[in-house]
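For the record, the sequence lines run as chains L and W. Read in order, the letters of the first sequence are residues 72 to 417 in the working numbering. Read in order, the letters of the second sequence are residues 72 to 417 in the working numbering. All residues carry an ideal CB built from backbone N, CA and C; glycine is no exception.
2 protein chains.
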Amino acid sequence: MSASDSSYVLVTGGTGFIGSHTVLELVTQGYNVVVADNMYNGCEEPLRRIEKLANLKDRIPLCKVDLTDKSSLREVFRQYSFSSVVHLAAVKAVGESVRKPLVYYRNNVTGTLNLLDVMVEFGVKNIVFSSSATVYKADPEGKPFREDSELGCTSPYGRTKLFMESIIQDVVNAEQGWNAIMLRFFNPAGAHESGTMGENPMQIPNNLMPYMSQVAIGKLEKLHVFGTDFNTRDGTGLRDYIHIMDLAEAHVAALKRLSANHGYEVFNIGSGSGQTVLEMIDAMSAACGKKIPYSEDPRRSGDIDTILCDPTKAAEVLGFKVSRSLEQMCADLWRWQTANPSGYGQ
Amino acid sequence: MSASDSSYVLVTGGTGFIGSHTVLELVTQGYNVVVADNMYNGCEEPLRRIEKLANLKDRIPLCKVDLTDKSSLREVFRQYSFSSVVHLAAVKAVGESVRKPLVYYRNNVTGTLNLLDVMVEFGVKNIVFSSSATVYKADPEGKPFREDSELGCTSPYGRTKLFMESIIQDVVNAEQGWNAIMLRFFNPAGAHESGTMGENPMQIPNNLMPYMSQVAIGKLEKLHVFGTDFNTRDGTGLRDYIHIMDLAEAHVAALKRLSANHGYEVFNIGSGSGQTVLEMIDAMSAACGKKIPYSEDPRRSGDIDTILCDPTKAAEVLGFKVSRSLEQMCADLWRWQTANPSGYGQ
């Protein structure tokens, strides 16, 4: 899908962390975007900031719709002519998914089924789906995951992602002319370099970087390092962090690839290099110019040594590589955190 | 769940082939049954025949409801007090699922999510789920499947079964006091020995036995044997056939097991011995006293040599074993076919 196309790209979950940065990248590259979001964890402010950053004359259309409400979703497709969909709307807290699996399956799986149904109904045949590295079965040796590595999930959240991938693949096989790209992203982090857009956790953050950043600014007391006896270079868990704007660019690269009509494709989106928790603490401490206090705590059940991306296929086929460093990721996050201590200020 | 419980057992899909025979076995053993069925492929006649066979004074309550319609389903739970659910409602044609995956995911997965949601809402915590041997990954050596054999599906239909199992397991893990038994049945066949109840295919049958039986009675011209070069004793595909009344008894055995509070359990339901297509033709020919004409045709893509059940766990834990022979299966099917050449006469 090229930006010269006068029709719209629908971004579901477009006010979220990945969503808002992807919308920014899309409109910057000249795409017409419509955002669909149920606003349960979002607000309109990121769209206002995108409009300012991208010097848009008009507001980005926002449809407040829940994907589990098919008739409202159908109205959105009646109102706009879409060339393609970037599907990011999902509930995403692993721990919560264990406690409330039906909420996760209903929102993510039933929501996706409704979206696909309506896409078929309106002849919209192109979709980029934000999947996740969580679909891979843990590798005891910590080998980087390739797209053909074995799949297997330990949480309902992960299973919703795996199920959604399978369902989309079955639709591509069944329907004429469909194209779908699954982006299995690793650990998105950082913020837009302007310091005006970033992650806006509504509760205590689940992820390392926003948690660290809230410790650094004094909102949280200290960081908990869960497990120091992992089989990594310093004993703490090693993950593959990717700058949120790199991830946004990957979504646009995938969208462009759709028009080449390759049917169903899967790409890992990560850096290929990993950092341990202690290395991330050092990098963030350097960015904010202060020591980040932490305690060493026992492992959480299910956590594994190393989760690392093999980014070869995305580089070769999509032409996508991360271009932002760990230092920039931390500096951008800190700029966002200090300029917006209460996130988008709700 | 024992039959002395005054509350009801809800049987979803209770007018279907497995459903109706299971309802018969339940009411025969004294259970109070409510049937929920969308009636897309069913009719009320099997319930009338069950009432007659079991000498019931009252009609079996039938709620015409589609599981994708949650508010109607909720009304059913408001009307009756259920101790447990036997969940059989599903669309089940493998080939159709490849062409219409969204129909399969919506009916089977979204339908099951609604059912589980409403069960949680009303505090109904016991479920027997009719799964299928289709969830197992094909074994190149044709070894009998054990419950811990590797899983993996080649059709959207199979994936709906696998997803439903996973979702139910996640609910059992999340909710207090839930019990669930997955019955992975192999090839159900035959009919009730009375000749008044059996399978009622609305289109040309997909499965070997009803197809053969319609050839024998002259409704279809000849049987197609797809593939004679499989690695089996006579070159034709070998499957594990189970008499429909054995399968019905397995459902009741599972229902009884639920009250022992073992959480989530999985059982294979099959005979453990298999028959090739040619052996089935011979057995059916003997039962109906005439040669069944057939042609030898090329393999269908995806068909495999052998699908066989290891029934050890069901025998040891559920105390369930098949008790009906291949000859009886064929004789019962033929009795049903000749007495009801148009099925339930729609």
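- Distance from the CA atom of L:Leu-291 to the CA atom of L:Tyr-282, rounded to whole angstroms, is 8 Å.
- Look at L:Arg-406: its C-beta is not under 7 Å from any C-beta on chain W.
- Scanning chain W for C-beta atoms nearer than 9 Å to the C-beta of L:Lys-171 yields Ala-245, reported in chain order.
- Taking a C-beta cut-off of 7 Å against chain L, the contacting residues of the region 224-242 of chain W are Pro-227, Arg-230, Phe-234, Ser-237, Ile-238, Asp-241, Val-242, listed in chain order.
- Interface criterion met: the Cβ of L:Tyr-176 is under 7 Å from a Cβ in chain W.
- Taken in chain order, the members of the region 174-205 of chain W whose beta-carbon sits within less than 8 Å of a beta-carbon on chain L are Tyr-176, Arg-177, Val-180, Thr-181, Leu-184, Leu-187, Asp-188, Val-191.
- Here L:Pro-369 has Phe-297, Gly-298 as same chain residues with Cβ atoms under 8 Å from its own Cβ, once five neighbours each way along the sequence are excluded.
- For W:Cys-359, DSSP records no beta bridge to any residue.
- Counting along the chain, L:Ile-288 sits inside no alpha helix (DSSP H), nor does DSSP assign it H or E at all.
- Closest in C-alpha terms to L:Val-323, from the list L:Ala-402, L:Ala-385, L:Gly-414, comes L:Ala-385.
- With respect to the 7 Å criterion, W:Ala-262 and W:Met-280 are not classified as neighbours on the basis of their beta carbons.
- In the same chain as L:Asp-300, and ignoring 5 residues on each side of it, the C-beta atoms closer than 7 Å to its own belong to Gly-306, in chain order.
- Using a C-beta cut-off of 8 Å, the region 207-219 of chain W makes no contact with the region 189-205 of chain L, since fewer than three inter-stretch Cβ pairs fall below that distance.
- When secondary structure is reduced to three states using DSSP, W:Leu-326 falls in the helix class.
- Positions of the beta strand (DSSP E) runs, each at least 3 residues long and wholly inside the region 80-167 of chain W, are given as 103-108, 133-135, 153-158 in order along the chain.
- Fewer than three pairs of CB atoms, one per stretch, sit closer than 8 Å, so the region 149-160 of chain W makes no contact with the region 223-234 of chain L.
- Per DSSP, reduced to three states, the secondary structure at L:Tyr-176 is helical.
- Assigned with DSSP and collapsed to three states, W:Thr-181 falls in helix.
- L:Gln-150 counts as exposed, since fewer than 16 other beta carbons sit within 10 angstroms of its beta carbon.
- Look at W:Glu-320 here: in three-state DSSP terms it is helix.
- Rounded to the nearest whole angstrom, the CA to CA distance from L:Leu-95 to L:Lys-123 is 10 Å.
- Taking the Cα of L:Ser-342 as reference, the smallest distance to any Cα among L:Cys-359, L:Ala-321, L:Ala-358 is reached at L:Ala-321.
- Of W:Gly-373, W:Gly-390, W:Leu-127, the smallest CA-CA separation from W:Thr-99 is found for W:Leu-127.
- The C-beta of L:Asp-311 has 16 or more other C-beta atoms within 10 Å across all chains shown, which makes the residue buried.
- With the rule of 3 Cβ pairs closer than 8 Å, the region 79-91 of chain L counts as touching the region 106-117 of chain L.
- Look at W:Asn-244 here: in three-state DSSP terms it is helix.
- Contact fails between the region 176-183 of chain W and the region 334-348 of chain W, because fewer than three Cβ pairs, one in each stretch, are under 8 Å apart.
- When the beta-carbon positions are compared, W:Leu-186 and W:Asn-250 stay at least 7 Å from each other.
- Per DSSP, the continuous alpha helix (DSSP H) segment holding W:Glu-398 begins and ends at 397-410.
- The straight-line gap separating the alpha-carbon atoms of L:Tyr-365 and L:Pro-276 is approximately 15 Å.
- The three-state reading of DSSP puts W:Asp-353 in helix, counting H, G and I together.
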